[in-house]
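Colleague: This is the structure I have questions about; it appears just below.
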Amino acid sequence: MTGSESRRRRTRGYSGLALLRRGVAGGDWPVVWREHDLRRSYDVIIIGGGVHGLATAYYLARNHGITDVAVLDKGYLGGGGSGRNTAILRSNYLTPEGVRFYDRSLELYRGLAAELNFNVMFSRGGHLTLAHSDTSLRTMRWRAEVNKVSGVQSEVIGPEQVSRLVPAVDVSDRPRYPVLGALYHPPGGIVRHDAVVWGYARAADHAGVQLHQGTEVTAIQVEGGRVRGVRTPRGDVAARVVVNATAGWSSQVAALAGIRLPIQTFPLQAAVTEPVKPFLRTVIVSGTLHVYVSQTARGELVFGASVDPFASYSTRGSLEFAEGLARHVLQLMPSLSRLRLLRQWAGLCDMTPDFAPVMGETEVDGFLIDAGWGTYGFKAGPVSGETMAELIATGQTPELIGSFGLQRFRTGALVGEKGAAAVGH
Amino acid sequence: MTRRPWRAVRSTTPRGDPGWRLPPQPGEVIDRSRSFTFSWNGRPCSAYEGDTIASALAASGVRVFSRSFKYHRPRGLLTASFHDPGCMVQVGDEPNVRGAHRRAEPGMRVSAQDAWPSLALDVKAANALVRRAIPAGFYYKTVIRPQRLWPAYERVLERFAHGGVVPDSPEYDVSDRFDQRHAHPDVLVAGGGPAGIAAALSASRAGARVMLVEEEADLGGHLRWGGAEQLARLVELRRQVADSDVEVLLDACVLGRYDDNLVSVVHRGLPGIDERLVKARVGTLVVAAGLIERPYVFAGNDVPGVMLSTAVRRLVNVYAVRPGARAVVLTANDEGDAAADDLRRVGVEVVHVEDARSGGDIVRVHGRSRVRGVDLADRRTVACDLVVTATGWTAPVSLLTMAGDRPGYDDAAARFVPGRTSDVVPTGGLVGDGTLDELLAHGAAVGEAAAAGPDHDEREATGAALRPRPHPALFRGRTHGIVDFSEDVSSHDLVAAVDEGYRDVELVKRYTTATMGPAQGKLELVNTVAIVAEATGRSIAQTGTTTWRPPYAPVTLGALAGRPREPRRLSPMHGWHVAHGATPLVAGAWIRPDHYGDPGGEASAVRSSVGIIDVTPIGKLDLHGPDVARLLNLVYVNRWSKLPVGRVRYGVMCAEDGVVLDDGVTGRLGEDHYLMTTTSSGAATVWEWIEGWLQTEHPDWRVHVTPVTTAYASINLAGPRSRDLLSRLVQDIDLAAEAFPYLHVRTGTVAGVEDCVVWRIGFTGELSFEVHVPAGYGLHVWEQLVEQGQDLGVRAFGVEAQRILRLEKGHLIVGQDTDGLTTAEEAALGGLVRVDKQDAVGLPELVVASRQSPRSRLVALVTDDPDLVPAEGGQIVGADGRICGRITSSRLSPTLERSVCLGQLDSALARPGHRVTLRLVDGSTAGAKVAERLAQIDPDGVRLRG
Amino acid sequence: MMLLPCPWCGPRDATEFNFLGESRNRPDPGSVTIEQWRDHLYLRANHAGEVTETWYHRAGCRRHLVVVRDLLSNGVRSARSSYGSSVEASEEPQ
């Protein structure tokens, strides 16, 4: 499982030296991943070529030697939530099960560049969640204490320390909702989301997994309570295991297997500004103001907010979002008035009632689910892949995801992450 | 290096050389009678009124405006328009100003953004030397091992971040420089060229309210740099607009089209403000955005002195600037021919015209900081300092695609054309090419149809059709060059990405960052698509295009935010609190007194004598009707059918999933009349929730709900002397314990104010009267209480003292001592729940909860060390180190002279006397035990009932 | 944001309303099993197409409305009073 010492062929080939060599001597880089004909049968089919599906495929091959795997995506790799999120990584969750799970993800992220031989540009500038009320300060303390018990670096800090970390933040009592303190999580940061997708895709391909872009699953064959395979415009494909690793469309895919999910799909909007010289190394989140801000290595500020106020599959975005975002960012950092918004976009988020994912087995044998990722799916990509791969390979649900099963919505054992609902991302 | 590029720059930019400013041109917008200076990199530059920053600099001989992103190559003017990627500059505190668009102003401080130490000598230009080793996406392949080097390398990458500087002091606040406006035009026309003007005029004549939005400072589009006849026509069109009812927004740009034709417009150049955001709900959106000239991709296409034909024509005709001395022109269309004519007319030597329509091509430009010559297709090299390209057009279809239009690729015209599948109507160059009269006719027909309403579609019936003219398909020549000028992405990078396996145009875009920079694809998208198509062996139509996202042009956060407007709710007594030194507490929408300087003393005063607290924010709902009791039975977990008139009861609400939602007391004022209170933060939620039950599940019930939270000012008198105090202000209510017991309600006159509601409850655990006074008299009653209670030692107390008092009494706060999953059982409120009802919100969950033991339970904890106040949110851990609970509330009790705490604890451990371990914030541990009861003061309620 | 044709107030910006989710029938709490109840509480069709929903006109008439909306395009087909078919706004052009 996670600590498997098996030494399979590692993906190599990228390095500064290799760059220099090609710079001097020329020569083409090897193809990042190959294209294949779709076979009639695979051991495992993963629906959804985002970070979750690709990581699952990669760990199946790497940790368990299962390479008869196809990842199917209706569009291009990483074109859904994986390419639309704001790439914030953290593990300062509220529940012990959440902390353990996301901390494993962060651990995998830290080693990912070396593991995949692909620089995913994990910038560990820390993560600040601002508190604007004594209620949120209390929740911050709660989170910090749970984190510390689990060995995760997390501390409640005062306004003057916030100011020291990010001088642009207004910690005076001028704002309508003054900053009373913050939860500071030094291991948090941002990563290059596309690089994570491509890194997993390349490594999975090298390990023997087949990646099929532009291949939509239009039906799932179930016989006698067991999954048999899927239908695509490129033909029917049989499989022992089919994994639903989609986001935005997970209800539709599950419905193909006759399963209803506790999910409602909401757009989540994000935006980016024109680049300016670096002034913000830390990710800033304000639950009260529904905004999070980070600056990329390119100098752009990336903004996100909470999900839209109503369910939709439309990713067109709204003006209200951009206005609210600007209002809230300027409350935090008034000096940014003259910075310009360059582009806004939206992704689809599958929201569950308890702000925790749905992972594991379903009432259809062999049909597994890894969905309901709300606004926190990207952070969980590596650990989701690792645990889903273990589940597929061993038939046993790993303890790390034991609380996230679909069955909890029947037993009422919901996950307590909802207690911190106001402070997402 | 043998050549020193900075020298070359200096030698070709003779400052103040009058030779670069042309004699007066017929269409020029500069006012030669008004000249001034501004500063460029600290040195003065002269300008005329009407000059842009770039035109003034170009007229002074400046050719290098910036350095490119990755390779720090010198960059000059390319389009001489808003989207020119080569002249983004810093103006004072404002980053990324479009120098070819922004009007120069006296005293402006303008500087280049991306050069260090200076524009002429930029040390990062060394990057260009290792250019081949840093292709697009190079960073993904570097510093993989050792990972510990990555943070240092990150700092290096950061130094290359492109763009200007924003002030980072929170004191810097220019929010009053921005503004917003709402508008409701019947027709909004995006683009003030000839077709847009014609559409606006005809829509207006047909009776529509019309808004015409133009990006430039003047109407006219390409007519502005046309010949004498076109300028004459433009004068006439402008006169017609001036005489019409059309509202014209100049220096404004349509940013986005959102659902149901909500259109955002940024309006710049207004007096006193930087930008105004116009939010227009539009009947019909007409897009007359014209065409954007497309750069040509070849080696050296980014050397300063390589310009588009429209850039040359703007500089010459609009700003009277000589763009060069010796020009080579590559033309595939009329605009290129016209540019050559313009150059000749103003005395620029056009040394060669290469006609792409008959197979002509240019291969390579020589030079670094300026053009020195160009290689033609026939292998001749021609010396020149200006290379003009006119190789085709991009249709800016983004507003159409935002409405759902799917543009198609027209092979013959070598450009995308609108798919006409949305309710947004295009006209002008977007649709096709034509003579001025044809453009005007099409615009007029579209405008007239638009005025008739969004459903009126007679566009095709007008006969004024425009079709794109055939045009040679010119994207990349026979060499590789820059495709995305802002991102420094070359065609070689795109091909390499495709060869590496990033074959989808979206993947190429993401991998190389082409189209991701400030121009957002307007100049480079079609070239990107064409080059990917060529590299993948697909057609342009098969390759498709990437999605256009709003905004069409960048807009300041200031304009999007508008003027700050954050309402606050204040009680009628707020002024008194401020005057008496209250420390404000931000409690959601409300600002409340946290304390008046001494919360402990305030709490002690309540225990020993009497205190008064402003509890106006408590949610209050007036319930009228014969079915109120049924409603209460439904929404509360306890039973309400037998509450007599004059009684008050505490109630708990759970949601359908059995989780505690809110609590409060409700009193029965009359036969069919109740007053319900909720928590302050839950006031709006509970009201809407109750309306929901009444409107959707029980529309037959006769209950009228009126929110009266702010109709009453609410004051709680608490303490053993509270009866004495209140009795001094009340005549018509008998306050004696027997006549007015605990949990009873009376209505009457308080301090001369009629129609007050008074009830006896006890959140603080003391004898307590809560008075709800018509809001206008709140301050009067409050001041009377203060005055009449002087001898009793009455003290105003704030939220903090109330928290101490309620904690001593063991009363929970929903949302603090409960969380998003806490059931009534877990909140130690299980005793209230009645499951033998026909219906109640969450009844099936309440039934299940009543049968099984809860996961955790609310308990009072007594710390071994009486002085220890464990932090709220602190964890309770078991012997194995696992979390088994948490502190939800904690304070130092001035009365007990020790700490008091509430906490959630695993129910197996929640037994009186059980010892637990608290994990403190500093990582140390401390002991505590579970108390017998939640209340630490007056557990039997003797004081409360007194 | 999109417009919702409120039968009482006319077309209004969706920001004036609260979205309350898919319209569903509440099972009889007296006879339902806990499993059926939890399916009702948590499971959703989450259909990618036309859906019947409940909205509340918070900044307007404060009435609950039954809205038929296409979740792929946000196009609102109809909006009527939750009291039944007494008041119905005309179909909106897409």
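Protein chains in written order, with the working numbering: chain A, 1 to 425; chain B, 426 to 1371; chain C, 1372 to 1465.
For every residue, glycine included, the Cβ atom is placed at its ideal position computed from N, Cα and C.
Remember, predicted model here, so these are calculated numbers, not experimental data.
Answer yes or no: does any C-beta atom of chain B fall closer than 9 Å to that of Thr1423/C?
Modeller: Locating residue 1423/C in the third sequence gives position 52, where the first residue counts as 1. Closer than 9 Å: no.
Colleague: Rounded to the nearest angstrom, what separates Arg34/A and Val799/B at their Cα positions?
Modeller: Along the first sequence, one-based indexing puts residue 34/A at 34. Along the second sequence, one-based indexing puts residue 799/B at 374. Rounded to the nearest angstrom, the two C-alpha atoms are 41 Å apart.
Colleague: Which ranges does the alpha helix (DSSP H) cover as unbroken runs of at least 4 residues, wholly within the stretch 702–784 of chain B, from first to last along the chain?
Modeller: Runs found: 734–738 and 759–770.
Colleague: Excluding the 5 residues flanking Ser1029/B on each side, which residues of the same chain have their C-beta closer than 8 Å to its C-beta?
Modeller: Looking up residue 1029/B in the second sequence gives position 604. Answer for Ser1029/B: Pro1319 and Thr1320, listed in chain order.
Colleague: For Thr265/A, go through chain C and note every residue whose CB falls closer than 7 Å to its CB, in chain order.
Modeller: Translated into the one-based positions of the first sequence, residue 265/A becomes position 265. Those are Asn1417, listed as they occur along chain C.
Colleague: For Lys1045/B, report the span of its beta strand (DSSP E) as first-last.
Modeller: As a working note, residue 1045/B is residue 620 in the second sequence. Where Lys1045/B is concerned, the enclosing beta strand (DSSP E) stretches over Gly1044 to His1049.
Colleague: Residue range of the beta strand (DSSP E) that Ile244/A falls in?
Modeller: Position 244 of the first sequence, counting from 1, holds the residue named residue 244/A. Checking the displayed sequence, the identity of residue 244/A turns out to be Asn instead of Ile. Gly235 to Asn244 is the span of the beta strand (DSSP E), which, as asked, contains Asn244/A.
Colleague: Output needed in chain order: residues of the stretch 1303–1315 of chain B with a Cβ under 8 Å from some Cβ in chain A.
Modeller: Flagged, chain order: Gly1306, Arg1307, Ile1308 and Arg1311.
Colleague: Grab me the residues of Arg316/A's own chain with a C-beta within less than 8 Å of its C-beta, minus the 5 sequence neighbours each way, in chain order.
Modeller: Residue mapping note: residue 316/A aligns to position 316 of the first sequence, counting from 1. Correct list, in chain order: Ala346.
Colleague: Cβ closer than 8 Å: which chain A residues qualify as neighbours of Glu1406/C?
Modeller: Locating residue 1406/C in the third sequence gives position 35, counting from the first residue. Correct list: Arg410.
Colleague: Quick one: residues in its chain with C-beta nearer than 6 Å to the C-beta of Ile1043/B, no 5 flanking neighbours on either side, listed in chain order?
Modeller: For the purposes of this step, residue 1043/B is identified with residue 618 of the second sequence, where counting begins at 1. Contacts found: Thr1102, Ser1105 and Ser1139.
Colleague: Note down the Cα distance separating Ala633/B from Gln252/A, rounded to an integer number of angstroms.
Modeller: Translated into the one-based positions of the second sequence, residue 633/B becomes position 208. Translated into the one-based positions of the first sequence, residue 252/A becomes position 252. Their backbone Cα atoms lie some 45 Å apart in a straight line.
Colleague: Distance check for Ile1037/B and Glu1191/B, CA to CA, integer angstroms please.
Modeller: The residue labelled residue 1191/B in the question sits at position 766 within the second sequence. The residue labelled residue 1037/B in the question sits at position 612 within the second sequence. Answer to the nearest angstrom: the Cα atoms are 12 Å apart.
Colleague: May I ask which residues mark the beginning and end of the alpha helix (DSSP H) holding Tyr109/A?
Modeller: As a working mapping, residue 109/A is identified with position 109 in the first sequence. Where Tyr109/A is concerned, the enclosing alpha helix (DSSP H) stretches over Pro96 to Arg110.
Colleague: Please classify Gly125/A as buried or exposed, where buried requires at least 16 neighbouring CB atoms within 10 angstroms.
Modeller: Sequence index remark: in the first sequence, residue 125/A carries index 125 (1-based). Classification for Gly125/A: buried.
Colleague: Against Leu1412/C, what residues of chain B qualify as contacts under a CB-to-CB distance less than 7 Å, listed in chain order?
Modeller: Along the third sequence, one-based indexing puts residue 1412/C at 41. Residues of chain B passing the Cβ test: Glu1081 and Asp1082.
Colleague: I want to see whether chain A comes within less than 9 Å of Tyr496/B, judged by CB atoms only; does it?
Modeller: Position 71 of the second sequence holds residue 496/B. For Tyr496/B, the answer is no, since every Cβ of chain A falls outside 9 Å of its Cβ.
Colleague: Just reading off the alpha helix (DSSP H) that Ala577/B is part of, what are its end residues?
Modeller: Indexing the second sequence from 1 puts residue 577/B at position 152. Where Ala577/B is concerned, the enclosing alpha helix (DSSP H) stretches over Trp575 to Arg584.
Colleague: Using a Cβ-Cβ cutoff of less than 6 Å, which residues in the same chain neighbour His609/B once the five nearest sequence positions on both sides are dropped?
Modeller: One-based indexing of the second sequence puts residue 609/B at position 184. Closer than 6 Å at the Cβ level, and outside the excluded window around His609/B, lie Arg706.
Colleague: Can you list, in chain order, the residues of its chain whose CB lies under 6 Å from that of Val722/B, leaving out five sequence neighbours each side?
Modeller: In the second sequence, the residue the question calls residue 722/B occupies position 297. Excluding positions up to five away in sequence, the list reads Arg901, Gly906, Val908, Ser916 and Asn952.
Colleague: Pair every Cβ in the stretch 314–328 of chain A with every Cβ in the stretch 188–200 of chain A, then say whether three or more of these pairs are closer than 8 Å.
Modeller: No, they do not touch.
Colleague: Does any residue of chain B bring its CB to less than 9 Å from the CB of Asn119/A?
Modeller: Sequence index remark: in the first sequence, residue 119/A carries index 119 (1-based). Yes - at least one Cβ of chain B is within 9 Å of the one on Asn119/A.
Colleague: With a cut-off of 8 Å on the beta carbons, I'd call Arg90/A and His127/A a contact; round off their distance for me.
Modeller: Taking the first sequence and counting its residues from 1, the one referred to as residue 90/A is at position 90. Taking the first sequence and counting its residues from 1, the one referred to as residue 127/A is at position 127. Contact flag correct, Cβ pair sits at about 5 Å.
Colleague: Can you name the residues of chain A whose CB is closer than 8 Å to the CB of Ser1444/C?
Modeller: Against the third sequence, residue 1444/C aligns to sequence position 73. Neighbours of Ser1444/C on chain A, chain order: Ser314.
Colleague: I need the DSSP call for Phe1388/C, collapsed to helix, strand or coil.
Modeller: Here residue 1388/C refers to the residue found at position 17 when the third sequence is read from its first residue. Phe1388/C: coil per DSSP, three-state reduction.
Colleague: Contact defined as beta carbons within less than 8 Å: I believe Glu1122/B pairs with Arg1433/C. What is the distance between those atoms, to the nearest angstrom?
Modeller: Counting from one through the second sequence, the residue named residue 1122/B turns up at place 697. Counting from one through the third sequence, the residue named residue 1433/C turns up at place 62. That pair is no contact at about 17 Å.
Colleague: Using the beta-carbon count (16 or more within 10 Å), is Asn147/A buried or exposed?
Modeller: Position 147 of the first sequence, counted from the start, is the residue given in the question as residue 147/A. Under this definition Asn147/A is a buried residue.
Colleague: Given a limit of 9 Å on CB to CB distance, which residues of the stretch 260–292 of chain A reach chain C?
Modeller: Listed by position, the residues of the stretch 260–292 of chain A near chain C (Cβ gap below 9 Å) are Arg260, Leu261, Pro262, Ile263, Gln264 and Thr265.
Colleague: What in chain A is Cβ-close to Gly1392/C, meaning under 8 Å?
Modeller: Stepping through the third sequence from its first residue, residue 1392/C is reached at position 21. Ordered by position in chain A, the residues that pass the 8 Å Cβ test against Gly1392/C are Gln264 and Ala311.
Colleague: Just the Cα atoms here: how many angstroms apart are Arg782/B and Leu899/B?
Modeller: In the second sequence, counting from the first residue as 1, residue 782/B sits at position 357. In the second sequence, counting from the first residue as 1, residue 899/B sits at position 474. Answer to the nearest angstrom: the Cα atoms are 10 Å apart.
Colleague: Of the choices Arg1316/B, Val1239/B, His587/B and Gly1298/B, whose alpha-carbon is the least far from that of Glu1225/B?
Modeller: Here residue 1225/B refers to the residue found at position 800 of the second sequence. Closest by alpha carbon: Arg1316/B.
Colleague: Mind checking if Gln1300/B is an interface residue toward chain A, Cβ cutoff 9 Å exclusive?
Modeller: Sequence index remark: in the second sequence, residue 1300/B carries index 875 (1-based). For Gln1300/B, the answer is yes, since a Cβ of chain A falls inside 9 Å of its Cβ.
Colleague: Is there at least one Cβ from chain D nearer than 9 Å to Asn1396/C's Cβ?
Modeller: Protein chains in the displayed structure are A, B and C, and chain D is not among them.
Colleague: Do Glu1424/C and Ser1394/C have their beta-carbon atoms positioned less than 9 Å apart in this structure?
Modeller: Within the third sequence, residue 1394/C is the residue found at index 23, counting from 1. Within the third sequence, residue 1424/C is the residue found at index 53, counting from 1. Cβ atoms of Ser1394/C and Glu1424/C: closer than 9 Å.
Colleague: According to the Cβ coordinates, are Thr246/A and Gly50/A closer than 9 Å?
Modeller: The residue given as residue 246/A occupies position 246 in the first sequence. The residue given as residue 50/A occupies position 50 in the first sequence. Taking 9 Å as the Cβ cut-off, Thr246/A and Gly50/A qualify as a contacting pair.
Colleague: Quick one: Cα of Ala1333/B to Cα of Gly1303/B, how far?
Modeller: Translated into positions along the second sequence, residue 1333/B becomes position 908. Translated into positions along the second sequence, residue 1303/B becomes position 878. Spanning the two alpha carbons is a distance of roughly 12 Å.
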